[in-house]
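Protein chains in written order, with my numbering: chain U, 1428 to 1752; chain H, 407 to 699. Backbone N, C-alpha and C define an ideal beta-carbon position, used for all residues, glycine too. Computed from a predicted model, the values in this text were never measured in an experiment. The structure under discussion appears below in the form of structure tokens.
Right under this line is the structure:
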């Protein structure tokens, strides 16, 4: 199995780039904090939610080499749980999100244990099929509201104090949630756990022979990824006040894979860039109708054929080449 | 006996027949996927779109050129196979040295483009296709429409022919050899890249043939392939891509299981194949016919 390009080798600490990287971080943080006063906050929040969702997919695809075509299960499943807890049970926003994440984590563990019994393309097909199974369950269940979904979910007061009906307040909350989720993914990747995942991707038999319990690591990565996807889905409910069948559908699973691919698999920032590109494209091309699907398909084809490392991966490769390493 | 299980025989056999028909499509599609996977090492996510193109091809041929069903049965799969071979030459052939996942992602993108284009020009609603063999026979316990019987028999015949061609013919032996050791087969003077292109075209043609057969039973619609292909992927996971006969048996078997579910517990009819897949993964992770890679 040839390896997936794009994964950056960890840079040694205290390199000459340290200072400039710090400056870039500060600039990015300032831009993110000022963004809701420049752009439409709901649009930004959509990008953030999908950036987190794509990060979850990237954790599996970019580092463990597992392509899931059913991640809408966890995104949409958590969205339904969160919306139900918030609207029907009257839970607080934070408790509703936690309920959604808890559902995704448990559901991710169960379906993950099933999916990792096969690898490679079979894994993709198993996750796709499980996603379809869950879609039909959601379609038939009375709790999800069928074709209507769960609409006009109240945003409510965060921690009993912050009014989330205010878009800017909600934006900062979504930013914090996304930041937390991405940091969690980053920590997981840059840890012995992440190294073992990469080792399994590169050479599974060797990882087994070194004594690693491969299935356990894969299941754990899958659960973490599902929980993060759930966090994204549950947060999305507060933004759009809606959980619907679209969130659990197969095209949703494909879209998030596209974001990860376009941004760059196996890069930390790739999913964010990919989500920003695809979400803004959907936004600006909202009135082209069916052409949007065609365009998304063409982006898939172009990315796979011409720049497999994705936007961030290609830039990183250029920079490395420029430094002569 | 029928009073005992509380189901009218007409309903039972009617659904059983529909199950066999669905099974025939599952079998032909998973057979094509298996043949393609064997030689190209990619899973063809465009398969559902190519099935839809087959159905649309026959509809377009009828409405614009007046080609009857029997002509379309031959012409449409050839056209779709030609389009498939062009896609293989231009796009897929560049990816063989890479991870399988890239082939999967590329074919998924191609499927989006094809389905999006058809939806753009023909809408998402279905269009009827006249039954080429109207009428049927009353067998006493059920009414058997001639066309549906024809579909089951024709699909079974196609599957057996494909099996014979792969397992028993000289060309099939080249194919099996190329699956095992492409370099060696190339060294013996066989043009393996051309063989790969033809194999892809053949698998795609099978999908399109299933689409033509499906056109008079289901409505012709741009989205007819996307649901079907998800079920076929579950079928493939259950049966494995390693065996031609295995694909056919699993396809027909699951069609029947689905048909019976429609009779006894209709709520689960859309999910039963996926549930069977989950059970098979738990008990026999390698699939019913093993030989997975």
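Between the C-alpha atoms of residue 612 (chain H) and residue 678 (chain H) there is a straight-line separation of about 25 Å. Judged by DSSP in its simplified three-state form, residue 680 (chain H) adopts helix. Listed along chain U are 1552, 1555 and 1556, each with a C-beta nearer than 8 Å to that of residue 639 (chain H). Distances from the CA of residue 1722 (chain U) to each of H:505, H:522, H:629 and H:423 were compared; the closest alpha carbon is that of H:522. At the C-beta level, residue 1597 (chain U) and residue 1472 (chain U) come within 8 Å of one another. Listed in chain order, the non-local C-beta contacts of residue 643 (chain H) below 6 Å within the same chain comprise 683, local neighbours out to five positions each way being set aside. Distances from the CA of residue 1614 (chain U) to each of U:1695, U:1554, U:1627 and U:1645 were compared; the closest alpha carbon is that of U:1695.
Around the beta carbon of residue 1498 (chain U), 16 or more other beta carbons sit within 10 angstroms, so the residue counts as buried. A residue is called buried when at least 16 other Cβ atoms come within 10 angstroms of its Cβ; residue 1482 (chain U) meets this threshold and is buried. A residue is called buried when at least 16 other Cβ atoms come within 10 angstroms of its Cβ; residue 1494 (chain U) meets this threshold and is buried. At a C-beta separation below 8 Å, residue 656 (chain H) has no neighbours in chain U, since its nearest C-beta there lies roughly 14 Å away. When the alpha-carbon of residue 1540 (chain U) is set against those of U:1728, U:1557 and U:1548, the nearest one is in U:1557. Taking residue 520 (chain H) as reference, the option from H:442, H:608 and H:631 with the minimal CA-CA separation is H:631.
Residue-level contact check: residue 1518 (chain U) does not touch chain H, since none of the beta carbons of chain H fall below 8 Å from its beta carbon. Annotated three-state conformation of residue 551 (chain H) is strand, per DSSP.
Of the candidates H:690, H:485, H:563 and H:618, H:563 places its Cα closest to the Cα of residue 651 (chain H). A residue is called buried when at least 16 other Cβ atoms come within 10 angstroms of its Cβ; residue 448 (chain H) meets this threshold and is buried. A distance below 8 Å separates the beta carbons of residue 654 (chain H) and residue 433 (chain H).
Take the alpha-carbon of residue 462 (chain H) and the one of residue 1724 (chain U): they are about 20 Å apart. In this structure residue 1592 (chain U) is exposed. Its beta-carbon is surrounded by fewer than 16 other beta-carbon atoms within 10 angstroms. The C-beta distance from residue 453 (chain H) to residue 635 (chain H) rounds to 6 Å, short enough to fall under 8 Å. Our two residues, residue 1623 (chain U) and residue 1644 (chain U), have alpha carbons roughly 8 Å apart in a direct line. Residue 1691 (chain U): not part of any alpha helix (DSSP H); DSSP gives it neither H nor E. The beta-carbon separation of residue 557 (chain H) and residue 619 (chain H), rounded to 5 Å, stays under the 8 Å limit for a contact. The closest CA to that of residue 560 (chain H), considering only H:450, H:656, H:695 and H:476, is found on H:476. The bridge partners DSSP lists for residue 1577 (chain U) are U:1670. The criterion of a C-beta distance shorter than 8 Å is not satisfied by residue 459 (chain H) and residue 441 (chain H). In terms of CA proximity to residue 418 (chain H), H:664 leads the group H:690, H:664 and H:686.
In this structure, residue 1700 (chain U) sits near residue 1739 (chain U), with a CB-CB distance shorter than 8 Å. Contact residues of the stretch 1699–1721 of chain U toward chain H are 1716, 1717, 1718, 1719, 1720 and 1721 (C-beta to C-beta distance below 8 Å).
Spanning the alpha carbons of residue 1741 (chain U) and residue 1555 (chain U) requires a straight line of approximately 29 Å. Under the Cβ criterion of 8 Å, residue 1731 (chain U) is counted among the residues facing chain H. The secondary-structure analysis by DSSP pairs residue 533 (chain H) across a beta bridge with H:626. Of all alpha-carbon atoms in U:1649, U:1616, U:1528 and U:1737, the one lying nearest the alpha-carbon of residue 1504 (chain U) is that of U:1528. A residue is called buried once 16 or more other Cβ atoms fall within 10 Å of its Cβ, and residue 494 (chain H) is buried on that count. Sixteen is the threshold: when 16 or more other Cβ atoms of the shown chains lie within 10 Å of the Cβ of residue 1682 (chain U), as they do, the residue is buried.
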